[in-house]
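Engineer: In the working numbering, the protein residues as written are 1257 to 1526.
C-beta atoms are modelled at their ideal positions from N, C-alpha and C, and glycine is treated no differently.
Note that the coordinates shown come from a computational prediction; the quantities given were computed from them, not determined experimentally.
Below is the structure I would like to discuss, written out as structure tokens.
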Ligand code: A2P
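Have a look at this one:
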């Protein structure tokens, strides 16, 4: 059996000069848990050029969606950014990741902290009905440098609330809080500062983050992951992992790998 599925690109959307999303066909056998990532790539000189990329589509959708940053001169993203409908893309059959709700203990509120393309895994988490059955409130925090980088804002505020499957959950339980650091905007500041100062919780009208009731997922640059983790540990939160659910989880593999150049690997086929 092939390690990769060969999918067809269905659409490409460029949010900014640096950020883009694309959708592909989905092999009917492809399965993943909301919040996981996989490896995607292109065949170059008969070898796959790969990188880790979170699945931004809902588990039940018949297409896959990816949200990526263009790494300047990166051998893969410099090619990926020219993708067009009809192109072939490799999608690993294996998925993995720590940002899955089963890695969290039961709690009242779920906080999803994402910066930049760190939003991607949370798009599948907020499209999963199970998320809303497990938590009373789901708070999606997206931190960006500029307003133009708020990819998916319209989908979250306009489309999801009227979605047939998710509309009721989203309208009553999802709190979306985009915040920028380098542009004028109604929400300003780093997510970590907004939590530490108490501003966030005052504005969304929830109690201060408390390890007894709140659960947190973190995905973004290594600096964000480090600082958010320190903040939570100082508040008494315990980090969970695969098979060891606790009060917060961090996407270590993705955070460490997403900014680096992809690896070359031989495509195994039989
Ligand atoms: P800032 O503009 O103050 O650096 P990036 O594109 O570098 O990943 O940043 C995306 C967003 O994450 C920006 O708003 C950035 O704020 C913020 N950010 C970067 N590093 C941290 C950090 N260590 N803690 C909290 N937010 C961060």
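(1) Which full runs of the alpha helix (DSSP H) of 4+ residues lie inside the segment 1342 to 1421, going along the chain?
(2) At 4 residues or longer, and completely inside the segment 1267 to 1341: list those alpha helix (DSSP H) runs for me, N to C.
(3) If contacts are defined as beta-carbon pairs under 8 Å, then residue 1375 and residue 1323 qualify, I think. What distance do you get, rounded to the angstrom?
(4) Roughly how many angstroms separate the alpha carbons of residue 1390 and residue 1463, rounded to a whole number?
(5) If you reduce the DSSP assignment to three classes, tell me which class residue 1453 lands in.
(6) Consider the Cβ of residue 1470: report whether some Cβ of chain D lies at a distance smaller than 8 Å.
(7) Do you know offhand how far residue 1314's Cα is from residue 1430's?
(8) Looking at residue 1310 and ligand 1, is the gap between the Cβ and the nearest heavy atom below 7 Å?
(9) Can at least three beta-carbon pairs, one atom from the segment 1294 to 1305 and one from the segment 1338 to 1353, be found at a separation below 8 Å?
(10) For the alpha helix (DSSP H) that residue 1467 lies in, which residues bound it at each end?
(11) Provide the residue(s) that pair with residue 1435 in DSSP beta bridges, ordered along the chain.
(12) Using beta-carbon positions only, say whether residue 1505 and residue 1355 come within less than 8 Å of one another.
(13) Give me, in chain order, the residues of the same chain whose beta-carbon lies closer than 8 Å to that of residue 1503; leave out the 5 immediate sequence neighbours on both sides.
(14) Taking residue 1367 as the reference, give the member of 1485, 1498 and 1316 with the closest Cα.
(15) Between 1327, 1294, 1290 and 1338, which lies nearest to residue 1268 when the distance is taken from Cα to Cα?
(16) Take residue 1515 and list the residues in its own chain whose beta-carbon comes closer than 6 Å to its own, dropping the five residues that flank it on each side.
(17) Tell me whether residue 1265 sits in a helix, a strand or coil according to DSSP, three-state version.
(18) Given the structure, does residue 1447 come close to ligand 1, in the sense that its CB is under 7 Å from one of the ligand's heavy atoms?
(19) From what residue to what residue does the alpha helix (DSSP H) around residue 1425 run?
(20) By the DSSP assignment, the beta strand (DSSP E) with residue 1505 in it spans what residues?
(21) Residue 1461 by DSSP, collapsed to three states: which one?
Structural biologist: In short:
(1) The segment 1342 to 1421 contains these whole alpha helix (DSSP H) runs: 1376 to 1382 and 1385 to 1390.
(2) DSSP runs (the alpha helix (DSSP H)) wholly in the segment 1267 to 1341: 1333 to 1336.
(3) Rounded, the Cβ-Cβ distance is 7 Å, consistent with contact.
(4) Residue 1390 and residue 1463: Cα-Cα distance of roughly 19 Å.
(5) Correct three-state label for residue 1453: helix.
(6) Judged by its chain identifiers, the structure shown contains no chain D, having just a single protein chain.
(7) The C-alpha of residue 1314 lies about 16 Å from the C-alpha of residue 1430.
(8) No.
(9) At 8 Å Cβ cutoff, the stretches touch.
(10) First-last for residue 1467: undefined, no H or E at that position.
(11) 1399.
(12) The Cβ atoms of residue 1505 and residue 1355 sit closer than 8 Å to each other.
(13) 1360, 1361, 1363, 1467, 1470, 1471, 1472, 1488, 1493, 1494, 1495 and 1496.
(14) Proximity to residue 1367 across 1485, 1498 and 1316 peaks at 1485, based on C-alpha coordinates.
(15) When only C-alpha atoms are compared, the closest one is 1338.
(16) Annotation note: pLDDT 34 at residue 1515 (below 50); position unreliable, no value reported.
(17) Here residue 1265 carries a strand assignment [DSSP, helix/strand/coil].
(18) Because some heavy atom of ligand 1 lies under 7 Å away, the Cβ of residue 1447 counts as near it: yes.
(19) Going by DSSP, residue 1425 is part of the alpha helix (DSSP H) stretching over 1423 to 1429.
(20) For residue 1505, the enclosing beta strand (DSSP E) has its first and last residue at 1504 to 1506.
(21) In the structure shown, residue 1461 sits in coil (DSSP, three-state: anything other than H, G, I, E or B).
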